[in-house]
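J.: Be aware that the sequence shown starts at 4, since it is given in our numbering, and climbs by one per residue. For each residue, glycine too, the CB sits at the ideal point set by N, CA and C.
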Amino acid sequence: MEHGLLLNALIYLAAAVIAVPIAKKLGMGAVLGYLLAGIAIGPWGLGLIGEVEDILHISEFGVVLLLFVIGLELEPKRLWAMRRAIFGRGAAQVLGVTGALCAAAMLAGIDWKVALIASLGLSLSSTAIALATLDERKLMNTPTGSASFAILLFQDMAAIPMIAVVPLLGVAAAEGSEQGWLGMLKVVGVIGGLIFAGRHLVRPLLRIIVKTGLREIFTAFALLLVIAIGLLMQWVGMSMALGAFMAGMLLADSEYRHALETDLEPFKGLLLGLFFIAVGMSVDFGVFMAQPWLILGLVAAFLCIKIAVLYGISKLAEIPRSQQALFAFLLSQGGEFAFVVFGAAETAKVFSAEVASMLVVVVALSMVVTPLMLIVHDRLIAPRYRAGKKRQADKIAPNDEHVIIAGFGRFGQIVGRLLTANGIKLTVLDHDPDQIDLVRRFGSEVFYGDVTRVDLLHAAGAARARALVVAVDDIDDSLKLVDAVRREFPKLKIMARARNVTHYFDLRDRGVTIIQRETFEAALMLGREVLHELGFGAYQARQAASKFRMFNLRSLDKMYPYYKDKEQFLSVAKQAREELEAMFALDAELTDTEQPAGWEGN
């Protein structure tokens with residue numbers, strides 16, 4: 004059993020590693036590469052894997068993680084702002100596609116119950132394929148991405164009543180309203196409990212786990228959280244993916260958002276890839292070969308009707324003309340929940356097993372065809388909009404430029420408060436949960452995370468940032484962060500805090516030119532005040548501090564080339580001290596009467 008599991012894992016990984024880079028190289032996209040890999044290793048390919056249903060159920064967790072991560076990026080108030088798009092465009096898409104498909108099926112002489120359930124299932128699109136494609140093409144923040152997301156979210160919510168209504172149309176009629184009311188109460192109770200836990204239990208638990216300092220336990224808790232919520236939603240008959248989305252949304256304003264997102268990203272990617280492979284394996288070519296022309300005709304008719312409805316919605320949604328066909332193609336396929344709807348219909352005896360199998364093949368083939376249609380769009384349709392005069396921008400939603408502050412202790416807070424007071428948008432990263440909790444009480448936006456991790460920097464928007472302020476306490480972490488930023492974001496301007504002279508030199512080695520030694524300026528100011536209290540005039544004390552500062556910086560420049568050569572470094576430092584003494588000896592000849600009286604006050 005153990006060897007069988009490892010062997011299956013080896014086959015999946017090998018298929019993905021071989022197929023996906025080839026597909027990307029040929030311009031077909033990663034999703035099609037996964038689908039083709041699944042077909043190749045499945046029962047109708049090389050026959051290397053047999054338990055397709057089990058793998059499909061496991062891989063659906065990738066969709067759950069995807070919706071959780073999306074929820075982390077969508078605060079409740081933003082979701083409320085999207086309510087018209089979700090319930091307007093989403094409802095228009097589901098009702099429009101269902102009505103058109105149902106009418107066509109009934110005209111073909113199909114029983115209305117079969118036509119209705121089949122049309123409802125086929126109206127759903129693949130969340131995994133659509134969102135993965137949008138992310139791959141960097142389209143999530145475009146009008147196409149926003150409209151697609153709103154429709155997909157409505158579909159995930161609509162899948163629940165669809166599944167619930169199927170038994171009412173079947174031979175096995177409803178078992179009574181009591182169970183229905185009990186189920187509804189369970190749903191309401193679980194949603195209420197989820198909201199309470201997200202606000203009052205999960206965050207304190209995350210804070211406790213963070214204090215352990217064990218990153219792997221934080222990752223384990225993140226996975227535990229998503230799995231537990233998914234299973235709880237499944238228990239009350241709701242979509243696991245929708246439940247995960249709600250959980251993510253409740254944590255969207257949490258300081259741990261970026262850390263959760265970056266920790267779950269690798270699992271999400273792998274499981275989504277496994278899901279696409281499982282879909283490819285699930286294509287039953289036996290059913291297809293029995294009636295190939297009928298199934299091809301059904302796929303063609305289904306896609307044409309759905310694309311026509313989506314194209315009409317794209318005009319109402321004010322999607323730019325250059326992206327209307329892309330939007331229609333992107334959502335044209337059948338979705339993951341269609342498998343569930345058709346399975347429920349077969350159980351309730353609305354469908355025969357033959358009809359259910361045929362519809363599953365239609366959905367699976369539509370998933371395979373979608374990436375091919377996107378290739379056709381890229382090569383034949385999109386170039387038309389680039390020809391002639393220069394293509395206008397697609398009104399991508401702006402990402403406000405911001406400054407990232409890494410480390411929000413006493414030093415970072417002062418910098419942050421000054422920038423905020425002058426209207427500069429901040430993204431703050433820190434690893435101390437107590438510090439984060441304290442700062443957030445005063446309304447600052449601050450997130451938990453290991454600032455040396457490149458994936459966290461990507462999530463925090465380092466590619467779009469105006470500058471990075473390195474204010475972390477630990478010198479090694481400071482240097483690791485600078486190294487990572489220089490490697491991954493070479494154009495990002497870095498301004499750093501130096502703990503001591505050696506740290507200052509190490510930062511200079513890495514090309515950082517704007518460096519502030521954390522105690523130097525404060526000590527210089529205090530020294531100036533001491534001089535004044537000892538009888539020096541204000542001007543004289545100010546000049547002495549200014550001269551010392553200028554000389555110190557010049558000395559650092561002289562010592563910098565030799566700081567790794569201890570003997571030479573000590574020699575230069577000694578020479579600098581002697582020069583400083585000589586300079587102050589000359590200054591001692593000045594008298595207070597030679598100084599402007601106007602400079603005497605503080």
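Would A525 pass as a contact of H535 if the rule is Cβ separation under 9 Å?
T.: Within the sequence shown, the letter at position 522 stands for residue 525. Within the sequence shown, the letter at position 532 stands for residue 535. The answer is no: Cβ separation not under 9 Å.
J.: Spatial neighbours of L39 within its chain, please: CB distance less than 6 Å, with the 5 preceding and 5 following residues excluded, ordered by chain position.
T.: The count along the sequence shown starts at 1 and reaches residue 39 at position 36. A22.
J.: Is A396 helix, strand or coil by DSSP?
T.: The residue given as residue 396 occupies position 393 in the sequence shown. Note that A396 has pLDDT 36, beneath the 50 cutoff, so the model's placement of it is unreliable and no number is given.
J.: Between I154 and I89, is the Cβ-Cβ spacing less than 9 Å?
T.: Translated into positions along the sequence shown, residue 154 becomes position 151. Translated into positions along the sequence shown, residue 89 becomes position 86. In this structure, I89 lies closer than 9 Å to I154 by Cβ.
J.: Which stretch, first to last residue, makes up the alpha helix (DSSP H) that contains A328?
T.: Residue numbering aside, residue 328 sits at position 325 when the sequence shown is read from its first letter. Here the alpha helix (DSSP H) through A328 covers R324 to L333.
J.: Taking the C-alpha atoms as reference points, what is the distance between K393 and L329?
T.: In the sequence shown, counting from the first residue as 1, residue 393 sits at position 390. In the sequence shown, counting from the first residue as 1, residue 329 sits at position 326. Caution is warranted here: a pLDDT of 40 is assigned to K393, below 50, making its placement in the model unreliable, and the coordinate value is therefore given only provisionally. The alpha-carbon atoms of K393 and L329 are separated by roughly 19 Å.
J.: Which of helix, strand or coil does DSSP assign to E181?
T.: Position 178 of the sequence shown holds residue 181. Here the model assigns E181 a pLDDT of 42, short of 50, so the residue's position is not dependable, and the following value carries that caveat. Residue state, collapsed to three classes: helix.
J.: CB of G452 to nearest heavy atom of the ligand FMN: below 8 Å?
T.: Although the ligand FMN was asked about, the structure shown includes no ligands whatsoever.
J.: Count the other C-beta atoms from every protein chain shown that fall within 10 angstroms of the C-beta of T101, then say buried if there are 16 or more, exposed otherwise.
T.: Within the sequence shown, residue 101 is the residue found at index 98, counting from 1. When all chains shown are included, T101 counts as buried.
J.: What residue from H434, R469 and A487 has the CA that sits closest to D453's CA?
T.: Taking the sequence shown and counting its residues from 1, one reaches residue 453 at position 450. Looking at the Cα atoms, H434 is the closest of the given residues.
J.: Please report the residue range of the alpha helix (DSSP H) in which Y37 lies.
T.: The residue you call residue 37 lines up with position 34 of the sequence shown. First-last of the alpha helix (DSSP H) with Y37: A33 to I44.
J.: Using CA atoms only, rank isn't needed, just tell me which of R456, G346, K214 and K27 is closest to D266.
T.: For the purposes of this step, residue 266 is taken as residue 263 along the sequence shown, with counting starting at 1. Considering only alpha carbons, the answer is R456.
J.: What number of angstroms, rounded off, separates the C-alpha of N503 from the C-alpha of V533?
T.: As a first step, residue 503 must be located in the sequence shown, where it is residue number 500. As a first step, residue 533 must be located in the sequence shown, where it is residue number 530. Each residue's Cα considered, the two are about 23 Å apart.
J.: How far does the alpha helix (DSSP H) with R500 in it reach, from first residue to last?
T.: Looking up residue 500 in the sequence shown gives position 497. Note, R500: premise wrong, no alpha helix (DSSP H); beta strand (DSSP E) at K496 to A501.
J.: So is D114 buried or exposed if we call it buried at 16+ other beta carbons inside 10 Å?
T.: Position 111 of the sequence shown, counted from the first residue, corresponds to residue 114. With fewer than 16 Cβ atoms within 10 Å of its Cβ, D114 is classed as exposed.
J.: Sort G283, V344, L362 and R513 by Cα distance to D486 and report the nearest one.
T.: For the purposes of this step, residue 486 is identified with residue 483 of the sequence shown, where counting begins at 1. Looking at the Cα atoms, R513 is the closest of the given residues.
J.: Looking at the unbroken alpha helix (DSSP H) that takes in T373, where does it start and where does it end?
T.: Taking the first residue of the sequence shown as position 1, residue 373 is located at position 370. Per DSSP, T373 belongs to the alpha helix (DSSP H) from A356 to V379.
J.: Can you tell me which of the three DSSP states R86 falls into?
T.: Counting from 1 along the sequence shown, the entry for residue 86 is found at position 83. Looking at R86 - three-state DSSP - the assignment turns out to be helix.
J.: Count the other C-beta atoms from every protein chain shown that fall within 10 angstroms of the C-beta of R413, then say buried if there are 16 or more, exposed otherwise.
T.: Position 410 of the sequence shown, counted from the start, is the residue given in the question as residue 413. So R413 counts as exposed.
J.: Starting from A255, trace the beta strand (DSSP E) both ways and give me its first and last residue.
T.: For this step, residue 255 is matched to residue 252 along the sequence shown. Premise fails: A255 is in no beta strand (DSSP E) and is neither H nor E.
J.: Apart from the five residues just before and just after V364, which ones in its own chain have a Cβ nearer than 7 Å to its Cβ?
T.: As a first step, residue 364 must be located in the sequence shown, where it is residue number 361. These residues qualify, in order along the chain: V286, D287, V290, F291 and I298.
J.: Would you check if the distance between the CB atom of G415 and the CB atom of A409 is smaller than 9 Å?
T.: Indexing the sequence shown from 1 puts residue 415 at position 412. Indexing the sequence shown from 1 puts residue 409 at position 406. Yes. Within cutoff.
J.: Residue ranges of each alpha helix (DSSP H) run of no fewer than 4 residues wholly in the region 482-545, ordered along the chain?
T.: If we require 4 residues or more, the alpha helix (DSSP H) runs fully inside the region 482-545 come out as 504-512 and 523-536.
J.: Return the first residue and the last residue of the beta strand (DSSP E) that V406 is part of.
T.: Within the sequence shown, the letter at position 403 stands for residue 406. Element bounds for V406: V406 to A409.
J.: Starting from D433, trace the beta strand (DSSP E) both ways and give me its first and last residue.
T.: Residue mapping note: residue 433 aligns to position 430 of the sequence shown, counting from 1. Here the beta strand (DSSP E) through D433 covers L429 to D433.
J.: Which first and last residues belong to the beta strand (DSSP E) in which V312 is found?
T.: Here residue 312 corresponds to residue number 309 of the sequence shown, with the count starting at 1. It is not in any beta strand (DSSP E) - V312 instead sits in the alpha helix (DSSP H) that spans P295 to L319.
J.: So what's A463 in DSSP terms, helix, strand or just coil?
T.: Mapped onto the sequence shown, residue 463 falls at position 460. In the structure shown, A463 sits in coil (DSSP, three-state: anything other than H, G, I, E or B).
J.: With 16 as the cutoff for other CB atoms within 10 Å, does T617 come out buried or exposed?
T.: Lying outside 4 to 605, the shown extent of the chain, residue 617 is not represented and no answer is given.
J.: Assign R557 to buried or exposed, taking buried as 16 or more other Cβ atoms, counted over all protein chains shown, within 10 Å of its Cβ.
T.: In the sequence shown, counting from the first residue as 1, residue 557 sits at position 554. Answer is exposed; the Cβ neighbour count stays below 16.
J.: Counting along the chain, where does the beta strand (DSSP E) carrying L95 start and finish?
T.: For this step, residue 95 is matched to residue 92 along the sequence shown. In the sequence as displayed, the identity of residue 95 is Ala instead of Leu. Where A95 is concerned, there is no enclosing beta strand (DSSP E), although the alpha helix (DSSP H) it sits in stretches over G93 to L110.
J.: Contact defined as beta carbons within less than 8 Å: I believe R17 pairs with A43. What is the distance between those atoms, to the nearest angstrom?
T.: Mapped onto the sequence shown, residue 17 falls at position 14. Mapped onto the sequence shown, residue 43 falls at position 40. It is worth fixing the name first, because residue 17 is Ala in this sequence and not Arg. Not really, about 11 Å apart at Cβ, beyond 8 Å.
J.: Which partner residues does F450 have in the DSSP bridge list?
T.: Within the sequence shown, numbered from 1, the residue matching residue 450 stands at position 447. In DSSP, F450 forms a bridge with L432.
J.: In or out: Q96 buried (at least 16 other Cβ within 10 Å) or exposed?
T.: Position 93 of the sequence shown holds residue 96. Q96 comes out buried.
J.: With a cut-off of 8 Å, do at least 3 Cβ pairs link the region 349-368 to the region 256-263?
T.: Output reads no: the region 256-263 does not touch the region 349-368.
J.: With distance defined between alpha-carbon atoms, name the residue in L204, G300, A121 and A293 nearest to L253.
T.: Position 250 of the sequence shown, counted from the start, is the residue given in the question as residue 253. L253 has its Cα closest to that of L204, out of L204, G300, A121 and A293.
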